[in-house]
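Student: The structure's right below; bear with me while I get my questions together.
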Amino acid sequence: MKYVLVICLCLVLLFFDGVAEQQTKTELQDVITMLQEQNEELLIELQEKENEIDTLKTETDSIAMELESVRAELSAAIDSHTALSTDYLSMLDYHLIHRAEYVGVFFADGQVEVRGLPLEDASVIGVLENMLVTVHFTIQGQDGLWSLVNVLNLAENVDTLGWVKWEELREYTAQDAETLAYPVRVKAGVELYDARRDYRVTADGESVYVIGRRPSEDEIILLESGGVKYPVTRDDLIYPSVRDGEIVWD
148 MKYVLVICLC LVLLFFDGVA EQQTKTELQD VITMLQEQNE ELLIELQEKE
198 NEIDTLKTET DSIAMELESV RAELSAAIDS HTALSTDYLS MLDYHLIHRA
248 EYVGVFFADG QVEVRGLPLE DASVIGVLEN MLVTVHFTIQ GQDGLWSLVN
298 VLNLAENVDT LGWVKWEELR EYTAQDAETL AYPVRVKAGV ELYDARRDYR
348 VTADGESVYV IGRRPSEDEI ILLESGGVKY PVTRDDLIYP SVRDGEIVWD
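Just so we're aligned, residue 148 is where the sequence shown starts under my numbering, counting upward by one.
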């Protein structure tokens, strides 16, 4: 009887040991499952962080490129400002030439560009073509000699002022009458007629005109402000002379 009780007790102990072992395995499996789930969550968070880092890196690269572009624009603006400052200094760095031969009336032979400032890069405000011009004064600048002259403006019927290179002017001679475009007069009493406007006037011998073109050796088209055109002959015109720096009508 004693042995039977012992055996029963052993069986009971073995049963409970099996139950405990099974419970331990179950708990361990639960822990492993939980750790796996946490690991997967951490991996997902890590991937999200890596994606955020990649996005930040892309944004940083874009900002760096924009910054480089801004730096380039700023550098170009600084260079432009420096060049402009140099131009202004060049414009101011001149001296007036106090000599009689650098003032008076001179001939603009061919096409001579007139600029708003005594600088090579200044804007062109007009063109003198085979005209007598009055030089008010001449300066020595960084780009050589520049002369301030009157610029004929038929469209607005008013003269303006501008700068030309002194070297593009020369003294006027009697032979230059063959190409002179301005100024010319028409002999008093000659009838002038603009056919397009049906406008007729008698020359007073004092008014000055511009020669627009020479269709033939004898035929000449005169221009007046407002777009008026008068056909005349060569013999109808009076050409000026230049003496002592002034225009003279003989």
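The beta carbon of each residue, even a glycine, is placed where N, CA and C say it ideally should be.
Small disclaimer: the values here were computed from a predicted structure and weren't measured.
1) With distance defined between alpha-carbon atoms, name the residue in H242, G392, T326 and W293 nearest to I367.
2) Hey, T285 and S294 are a contact pair by Cβ (cut 8 Å); roughly how many whole angstroms apart?
3) Quick check: the Cα distance between D177 and L190, rounded to an integer number of angstroms?
4) I need the DSSP call for G266, collapsed to helix, strand or coil.
5) In its own chain, which residues sit with a C-beta less than 7 Å from the C-beta of G309, not counting the 5 before and 5 after it?
6) Could you check whether A335 and A350 sit closer than 7 Å to each other, using their CB atoms as the reference points?
7) Judging by CA-CA distance, which residue of A219, D290, P378 and P330 is the nearest neighbour of D341?
8) Using three-state DSSP, classify A335 as helix, strand or coil.
9) Between A247 and M278, which are expected to be in contact by the criterion C-beta below 8 Å, what is the C-beta distance as a whole number of angstroms?
10) Classify D383 as buried or exposed, calling it buried when 16 or more other Cβ atoms lie within 10 Å of its own Cβ.
11) In whole angstroms, what separates the C-alpha of E409 from that of E192?
12) Mapping the DSSP letters down to three states, classify A328 as helix, strand or coil.
13) Quick one: give me the first and last residue of the beta strand (DSSP E) that I368 is part of.
14) Is the beta carbon of D240 sitting closer than 7 Å to the one on E267?
15) So, at 7 Å on beta carbons, what are the nonlocal neighbours of V375 in its own chain, with the 5 sequence-adjacent residues on each side left out?
16) Residue range of the beta strand (DSSP E) that H283 falls in?
17) Would you please state the rounded distance, in angstroms, between the beta carbons of F253 and V280? I believe it to be under 8 Å.
18) Does L190 come out as helix, strand or coil in the three-state DSSP assignment?
19) Of the residues E199, V355, L275 and T171, which one's Cα is nearest the Cα of R317?
20) Please return the same chain residues whose Cβ sits closer than 7 Å to the Cβ of A211, not counting the five positions on each side in sequence.
Tutor: This is what the structure holds:
1) For I367, the nearest C-alpha among the options comes from T326.
2) Rounded, the Cβ-Cβ distance is 5 Å, consistent with contact.
3) Using only the alpha carbons, I get a separation of about 20 Å.
4) Note that residue 266 corresponds to Leu in the displayed sequence, not to Gly. Taken through DSSP and simplified to helix, strand or coil, L266 comes out as coil.
5) Correct list, in chain order: V261, R262, G263, I272, G273, V296 and V298.
6) Taking 7 Å as the Cβ cut-off, A350 and A335 qualify as a contacting pair.
7) The candidate whose alpha carbon is nearest that of D341 is P378.
8) Of the three classes helix, strand and coil, the one that applies to A335 here is coil, per DSSP.
9) Between M278 and A247 the Cβ distance is about 22 Å, and since that is not below 8 Å, they are no contact.
10) Classification for D383: buried.
11) Since the first residue of the chain shown is 148 and the last is 397, residue 409 is not available in this structure.
12) The answer is coil: DSSP assigns A328 none of H, G, I, E or B.
13) From DSSP, the beta strand (DSSP E) with I368 extends over E366 to E371.
14) In this structure, D240 lies away from E267, with their beta-carbon atoms at least 7 Å apart.
15) Cβ within range, chain order: D341, R344 and Y346.
16) Bounds of the beta strand (DSSP E) holding H283 are V271 to G288.
17) Contact holds; Cβ gap of about 6 Å.
18) Assigned with DSSP and collapsed to three states, L190 falls in helix.
19) Put simply, of E199, V355, L275 and T171 the residue whose alpha carbon is nearest the alpha carbon of R317 is L275.
20) Excluding residues within five positions, none has a Cβ falling inside 7 Å.
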